[in-house]
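Protein chains in written order, with the working numbering: chain C, 555 to 745; chain P, 70 to 170; chain E, 2 to 1001.
No residue lacks a Cβ here, since even glycine has one placed at the ideal position from N, Cα and C.
Single-structure report; data block below.
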């Protein structure tokens, strides 16, 4: 799995049983991380990158990844910054200090969502049971980040490998999202 | 389900990711208290509801969250143009002519 | 002998073993590869159903999804699925099928009396026969008609299957895998496009599986199909979907496919869905839906044993079944002759070929002669004999005068008819294309493409194997090029044989019978005759859309694919207008009947909608709490103790909060973090209240209007820092408030340096309310002096709760001393359990939304959406105190000056006390000034909230009443079915009017 992006950052929750474990696809709950919503005028973007430790992507739907850091493009002035759980205070402080004279907004959203790791040969197929996005590698290459809709729930999809996707949803939606994914994967186990 | 292009994300996505906000380019008066009753009523309620080429506001609600504008033929559902909020309205006649070719 | 109509050899069935099935309880045998229809025919069964209106015996007519008569119920999981077409039901071991719309049995059906009484059931009989008295509709007409007419019975139990959903994208979607579709798929795949090829049948190949009189690249057509499918299956980016119907073509090349995954299996794996909905976005679409044969409209053309000619050939060549031993062919075109020849070559006696045309092609006549087949040219069938199966056909000779002379009677046990071919333009029509009349082809064909699609082969009226293949290849290449820009040199296969036929007819055939006595059916399933169509025209229906609805022709499950063209011609004759002027009705989706299950998909049971739970959920379940749904959220409604009903539990909870302390889960309230140098300016513009002077650490109640001036949401807003606010919204309003804020921010005030972020789910929130609230939280809070002086009402601080960072608010929605603690969500469970344990020590209680509602009503606090309905202004609500008078602007400010909003007689928010303190008003009840108002008296207002108040030991209510503020002390009435209830108008605050309890 060394070709998978951010695998030092988004890691399976060691304490949790796999939600799904089939030959072709598995679903693992991800361990908690620090998530910050960062908003800024263009002028602040470079400084934010240097304070955070990885530059903020300006190309739509992409990410920038460095050891223990990931910056995900969410919108033209919106990024989700991901760091290890214990770095919350340091990262928040570093950004606020560096940007104190620049228009920006930094909000802790670490607890707002949960992530699951959907991986395997059938991962894209499984996501397509509820998401109307073309997950072919041409249309949705590795590193692509996008919010979208899974059935009736808003989700964020981050492709970290050809067959690996991070699926994030607001916590109260995760039972629905993970539950439906597990249910829909059931037929892969049919004789 | 329509296929909508988001000019910020640079991709076409299904309509379910978006919300349509009705007619575009209806500016809120800068000083509402100076607006006449008629101006204010027009701002609040009056829409052209065009059969044909119509300019609409859309928001990529379940995407980048940005508002943008789209020119849609309300009869055929064909989109003729998408552009970012704040950009000027294109020449609709020209667009319609182009699309008719 | 088992299967007396089975051929000795041939067909695509597996002859190695027999499988058993039952039809109406009778056991029969068939083979794998049969459909239920072919197996029934092999057993000599033609009678499979009773017609909709007249209960006439009906038999299998087609071999495809357009089947109008052979609708059956199939048992699955002990319940039956009604209205499946026997021509599409694949046979499996143990299949149980039942016929429909008959009582007590298929052979003897009492409803058949309708046929004798048919003079009472003309076109439009619904509209004329059952007009009065009105009360008879519910009690007599409707139940009787419903019992007598109709199709299958609905299943009795919840659907035990589940249904899959799959979204897919492709460069080229091809609907239909006959010769044109297969050629298109080959060409598109070879060009490098990603392809989805679907076909409604179990096997790919369409007409090629029936064709014996042609070769492709020197191979038998079925062999070429097998080779082609093998090639496609081995190609990357090609998805082959059999048993998959493209049933809906929507905007922007969004096409819905229904795949039957396990319907055909005897023992389906329970892990597999029964059906799967494919929602496909295709860059280009190729419609290769082919053409279907038209029935001929002659008297008694609906007897069991009368089928379409090509269906007879399909049963023979594909399924190894003879539709009869002695067959009459009635035709107006060449293709049916080949049917006769194939049957004759397989030992079926052809009693006669009856061709409408005076001079059928010599080539056909000579082949017929060689086989000693009797040919009657310039002849029509004028009627048939036999009740449950055709016994004989009556012939008529067309005279030059236009009259018909009797041509005698021919005995037969089956009749195959062909009125020519109709292109299947349903999908094209659904794509919003307009069909055009092609006089040469005698058919409506697809006109200009309005979406990125093209029709090929039979679907556009192009026939003949070679031409169809060429058309398919070309379309596949073109579609691939359009989708991908790529092309490749594609080698076309060459066909010989399978020549296109000539001829065809439309409308009712002439006959020598008494026109008022005979029935010549146009639409089998809806029992519409040629007479009905003419009657509709006589009765003033001059538009084809009216004729369709009046007669119901074309409104059956085949959507008129069999009947439309004949009906149109008959209508055109009666209207004395050319067919092209009469026009065609629009084909709508679904193309064929589609299950509700596939539309519902995964949205059933636990997954009907997301169920959003707060961190206290499990604790509440363990402690017997009762939930209510608030949007998608589960919120605790009340916490009954053993033996308590809702009233008792709520009364206890209310009293406990006022006397000591209560704990409430407020996690669902919307939370928005507003951050940036212009945060205060932004709130100043959004909310009615002033914000700029609010000091960090302080809170204020915020009232949000829309620009029309009406209340749209409210909530407490705390200022955490100069540039950071914590905004709360109502639970239900959270998404719309966020969207509204984004709207103003992005499109009206993009210059403001401020951003908003939803933090609803970042925090779990516990509200601790009541005189002992401070004592309850004190042991766990660090970093804040909780005294009233240091931390007064409407304050906010960052602190810790059990060492976890929290935002602590001192706010109240009960009128008591109150705190709301926001901790990162992960710690919500710990916080709840800690506080729930602590309140017990103080004789406190957990409480739910009902108690919250009562307590706030006692204080006259509004609930947006309950006490307001989108037409209430701050003035109406008595909340002008919330408006920043000196503000330049805020959303809704200008609206408030509109004449209607400052007019007299607006409904205003008041309290109501019933004269009898035990009587509780109904929420929504109307309010009048007269005790017993006359019928039609407009209401003065209505009750918005009504509760029993334990603190006051009486009922209380809130209401909006015209000029209510001026009516305080006056008596009004709430008229109810069992008497008018007198009420006194009061102010909306019932308890602790001076607000002393909050500031302790």
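Endpoints, beta strand (DSSP E) assigned at residue i
| i | result |
| --- | --- |
| residue 438 of chain E | 436-439 |
| residue 580 of chain C | 580-583 |
| residue 314 of chain E | No beta strand (DSSP E) holds residue 314 of chain E; the alpha helix (DSSP H) holding it covers 310-320. |
Unbroken alpha helix (DSSP H) run spanning residue i, endpoints
| i | result |
| --- | --- |
| residue 900 of chain E | 900-903 |
| residue 737 of chain C | 725-739 |
| residue 957 of chain E | Here residue 957 of chain E belongs to no alpha helix (DSSP H); instead the beta strand (DSSP E) covers 955-963. |
| residue 431 of chain E | 427-431 |
Chain E within 7 angstroms of residue i, Cβ atoms only
| i | result |
| --- | --- |
| residue 682 of chain C | yes |
| residue 72 of chain P | yes |
| residue 139 of chain P | no |
| residue 707 of chain C | yes |
| residue 638 of chain C | no |
| residue 663 of chain C | yes |
| residue 732 of chain C | no |
Proximity below 7 angstroms, CB of residue i to CB of residue j
| i | j | result |
| --- | --- | --- |
| residue 320 of chain E | residue 39 of chain E | yes |
| residue 424 of chain E | residue 460 of chain E | yes |
| residue 815 of chain E | residue 753 of chain E | no |
| residue 636 of chain C | residue 624 of chain C | yes |
| residue 285 of chain E | residue 449 of chain E | no |
| residue 667 of chain C | residue 611 of chain E | no |
| residue 305 of chain E | residue 58 of chain E | yes |
| residue 496 of chain E | residue 536 of chain E | no |
| residue 999 of chain E | residue 843 of chain E | no |
| residue 1 of chain E | residue 80 of chain E | Residue 1 of chain E falls outside the range modelled here, since chain E spans only 2 to 1001, and no answer is possible. |
| residue 301 of chain E | residue 385 of chain E | yes |
| residue 375 of chain E | residue 353 of chain E | yes |
| residue 538 of chain E | residue 568 of chain E | no |
Coil, strand or helix - residue i by DSSP
| i | result |
| --- | --- |
| residue 64 of chain E | coil |
| residue 557 of chain C | coil |
| residue 675 of chain C | coil |
| residue 842 of chain E | helix |
| residue 799 of chain E | strand |
| residue 133 of chain P | coil |
| residue 497 of chain E | strand |
| residue 655 of chain E | helix |
| residue 789 of chain E | coil |
| residue 152 of chain P | strand |
| residue 455 of chain E | strand |
| residue 854 of chain E | helix |
Whole-angstrom C-beta distance between residue j and residue i, which should lie under 8 angstroms
| i | j | result |
| --- | --- | --- |
| residue 620 of chain E | residue 834 of chain E | 6 angstroms |
| residue 112 of chain E | residue 56 of chain E | 4 angstroms |
| residue 657 of chain E | residue 659 of chain C | Actually they do not touch by this definition, with Cβ atoms about 41 angstroms apart. |
| residue 992 of chain E | residue 859 of chain E | 4 angstroms |
Any chain C beta carbon closer than 7 angstroms to residue i
| i | result |
| --- | --- |
| residue 114 of chain P | no |
| residue 166 of chain E | yes |
| residue 85 of chain P | yes |
| residue 152 of chain P | no |
Closer than 7 angstroms to chain P by CB, residue i
| i | result |
| --- | --- |
| residue 472 of chain E | no |
| residue 639 of chain E | no |
| residue 769 of chain C | Chain C is shown only over 555 to 745; residue 769 of chain C falls outside these bounds and no answer can be derived. |
| residue 895 of chain E | yes |
| residue 610 of chain E | no |
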